[in-house]
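Asker: Protein sequence lines correspond, in order, to chains A and B. Taken in order, the first sequence gives residues 4 to 105; the numbers are from this note's numbering. Taken in order, the second sequence gives residues 625 to 857; the numbers are from this note's numbering. Quick reminder that beta carbons are idealized off the backbone N, C-alpha and C, glycines included.
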Amino acid sequence: MYEKIVNLIIMQAEELNETLENKIPAELGASASLFDGKDGILDSIALVTLIVAVEQSVEDEFETSIILANEKAMSLKNSPFKTIGSLAEYIVILLNEENTNG
Amino acid sequence: MDETQVMIITGTRKGIGKYLAHYYVSKGFIVIGCSRGEVDYKLSGYQHFCLDVSDEKKVKQMIAKIRKTYGRLDVLINNAGIASMNHILLTPAHTVHNILNTNVVGTFLFCREAAKLMQKNKYGRIVNTSTVATPLKLEGEAIYAASKAAILSFTEIIARELANFGITVNSVGPTPVETDLIRSVPKEKMDNLLARQAISRFGTFEDISNVIDFFIKKESEFVTGQNIYLGGI
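Listed below in structure tokens is the structure:
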């Protein structure tokens with residue numbers, strides 16, 4: 004599931020890259036940097052756009068609604084939005100939680 | 625706009641929402657409405673969802689279906705709202721929760737999920753509903769008026785947050801219209817209230833759709849974060 008999600012994020016990142024000056028190095032795969040709150044690759048608008056696009060593609064692929072920017076994500080010490088890999092790991096957790104809780 | 629516009633209206637079972645659903649279908653919009661119960665009408669170009677607007681999961685599911693069916697959303701009218709005429713000393717906490725859930729949480733959820741879909745096309749028009757009860761400081765409507773004061777603030781701020789996505793957010797503040805919402809208000813109180821308007825009469829459904837028409841026009845792209853009260857408040 005993790006690999007599938009990494010690929011989904013890469014696809015969305017590549018699409019977003021067409022509109023960005025500072026492009027996400029999607030070719031680096033899971034280790035590609037996204038946002039670190041200070042001088043990450045994405046500004047906040049681009050991050051919001053990416054999060055929404057990823058939420059929608061996860062919803063389409065797994066038929067499950069998740070909310071990526073929830074309180075937990077914002078308060079985690081190691082932000083799940085740091086890299087494509089950390090975002091994918093976070094989505095796996097949310098999907099598992101969603102499937103357990105129904 | 626060349627293609628048929630897709631619009632969500634919340635609270636379409638009766639009153640203003642029901643009127644707006646009929647009005648915008650007649651103007652050629654695809655209208656998707658919702659309310660807690662089924663509607664007693666059928667309209668070509670209208671689709672209904674039964675849900676509580678404060679149910680996050682259900683709201684997300686509704687918008688996901690719209691995204692899959694139409695791939696777009698142009699307009700959101702947050703009309704669903706409840707009031708409860710009561711003195712503060714006689715207001716139960718669960719009434720407060722109900723009003724805040726429907727009026728504030730519901731509006732928030734629809735704005736958030738609608739904006740996610742609207743931003744794909746870099747275009748969207750959101751119209752929230754405020755009320756003259758807020759500036760008129762209507763006694764007996766403390767929680768209702770406060771919930772709508774929250775909508776004013778919310779509208780002004782998200783107008784800024786969503787501006788970069790081509791989405792405008794405004795609100796319309798109706799005067800009393802003869803609907804279920806005001807049925808519990810004594811006549812004398814209502815007459816006093818109307819007397820405080822520059823134009824002392826009940827509002828009509830058409831007064832409201834007239835303001836909404838202006839906000840959702842493509843040409844109104846430079847109008848955002850604004851509230852228009854009817855009746856001259």
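Count the other CB atoms within 10 Å of the CB of alanine 819 (chain B); is the residue buried (16 or more) or exposed (fewer)?
Answerer: Along the second sequence, one-based indexing puts residue 819 (chain B) at 195. Burial call: exposed.
Asker: Rounded to a whole number of angstroms, what is the C-alpha to C-alpha distance between tyrosine 5 (chain A) and phenylalanine 65 (chain A)?
Answerer: Residue mapping note: residue 5 (chain A) aligns to position 2 of the first sequence, counting from 1. Residue mapping note: residue 65 (chain A) aligns to position 62 of the first sequence, counting from 1. C-alpha separation (whole angstroms): 12 Å.
Asker: Could you check what DSSP says for glutamine 821 (chain B) in three-state terms: helix, strand or coil?
Answerer: As a working mapping, residue 821 (chain B) is identified with position 197 in the second sequence. If DSSP states are grouped into helix, strand and coil, glutamine 821 (chain B) belongs with coil.
Asker: So within the stretch 690–758 of chain B, which uninterrupted alpha helix (DSSP H) runs reach at least 4 residues, ignoring any that extend past its ends?
Answerer: Entirely contained in the stretch 690–758 of chain B, the alpha helix (DSSP H) runs reaching 4 residues are, in chain order, 717–724 and 730–742.
Asker: Taking only three categories from DSSP, how would you classify serine 808 (chain B)?
Answerer: Position 184 of the second sequence holds residue 808 (chain B). Serine 808 (chain B): coil per DSSP, three-state reduction.
Asker: Rounding to the nearest angstrom, what Cα-Cα distance links arginine 749 (chain B) and alanine 774 (chain B) in this structure?
Answerer: The residue you call residue 749 (chain B) lines up with position 125 of the second sequence. The residue you call residue 774 (chain B) lines up with position 150 of the second sequence. Cα-Cα distance, rounded: 19 Å.
Asker: Would you please state the rounded distance, in angstroms, between the beta carbons of threonine 758 (chain B) and glycine 639 (chain B)? I believe it to be under 8 Å.
Answerer: Counted from its first residue, the second sequence places residue 758 (chain B) at position 134. Counted from its first residue, the second sequence places residue 639 (chain B) at position 15. Not confirmed; about 19 Å, so no contact.
Asker: Closer than 9 Å, Cβ to any Cβ of chain A: which residues of the stretch 666–692 of chain B, in chain order?
Answerer: Result list: Glu680, Lys681, Lys684, Gln685, Ala688, Arg691 and Lys692.
Asker: Using a 10 Å radius around the Cβ and a threshold of 16 neighbouring Cβ atoms, would you call arginine 637 (chain B) buried or exposed?
Answerer: On the second sequence, residue 637 (chain B) is found 13 positions in, with the first residue counted as 1. With 16 or more other Cβ atoms within 10 Å, it is buried.
Asker: Taking only beta-carbon atoms, is asparagine 722 (chain B) less than 7 Å away from chain A?
Answerer: The sequence position of residue 722 (chain B) within the second sequence is 98, counting from 1. With 7 Å as the cut-off, asparagine 722 (chain B) does not count as an interface residue toward chain A.
Asker: Looking at chain A, is there any beta carbon in it that lies within less than 7 Å of the beta carbon of lysine 740 (chain B)?
Answerer: Taking the first residue of the second sequence as position 1, residue 740 (chain B) is located at position 116. Cβ-Cβ to chain A under 7 Å: yes for lysine 740 (chain B).
Asker: Can you list the residues of chain A that asparagine 788 (chain B) reaches, using a CB-CB cut of under 8 Å?
Answerer: One-based indexing of the second sequence puts residue 788 (chain B) at position 164. Within chain A, the residues near asparagine 788 (chain B) are Ile48.
Asker: In whole angstroms, give me the CA-to-CA distance for lysine 606 (chain B) and asparagine 102 (chain A).
Answerer: Residue 606 (chain B) is absent from the model: chain B starts at 625 and stops at 857.
Asker: Measure from the C-beta of glutamate 62 (chain A) to each C-beta in chain B and report whether the shortest distance is under 7 Å.
Answerer: Locating residue 62 (chain A) in the first sequence gives position 59, counting from the first residue. Yes, glutamate 62 (chain A) lies at the interface with chain B (some Cβ there is under 7 Å from its Cβ).
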